[in-house]
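Per the working numbering, the very first residue in the sequence shown carries number 60; after that it's consecutive.
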Amino acid sequence: MLFETEKKAETFIKFNSDEIAEETGYKPERSYFCTYCGGWHITKERTKSAKSVETGTKKQSKIIKIINRFLLYVCSKTSFLPHL
Ligand SMILES: [Zn+2]
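Written as structure tokens, this is what we have:
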């Protein structure tokens with residue numbers, strides 16, 4: 060996942076970290092600058108409260124929806140290809 064600015068990455072963490080942690084078991088921790096992309100990525104940490112790895116397609120599609128929703132917003136202003 061690529062963010063155009065640190066602020067956007069931090070905003071994403073702020074509003075989505077809890078839900079992402081609950082659904083995926085990986086909690087977004089902080090943002091860092093990627094020289095390859097020229098943008099910002101988010102580090103993530105495995106949480107103790109993580110659910111089973113086999114979260115099922117329903118859970119997976121939910122988290123993908125959340126990410127895609129935000130990427131649509133971010134990518135509308137950048138030509139960079141996002142990567143997870
Ligand atoms: Zn990158």
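In this text, a Cβ means the ideal position worked out from N, Cα and C, and glycines have one as well.
Would you please state the rounded distance, in angstroms, between the beta carbons of Thr83 and Ile122? I believe it to be under 8 Å. Thr83 to Ile122, Cβ: 6 Å. Contact.
Could you name the residues that DSSP lists as bridge partners for Lys147? With the chain covering 60 to 143 only, the question about residue 147 has no answer from this structure.
With 16 other Cβ atoms within 10 Å as the buried cut-off, status of Phe62: buried
Quick check: the Cα distance between Cys93 and Lys86, rounded to an integer number of angstroms? 19 Å
To the nearest angstrom, how far is it from the Cα of Tyr91 to the Cα of Thr70? Looking at the backbone, the Cα of Tyr91 and that of Thr70 are separated by about 13 Å.
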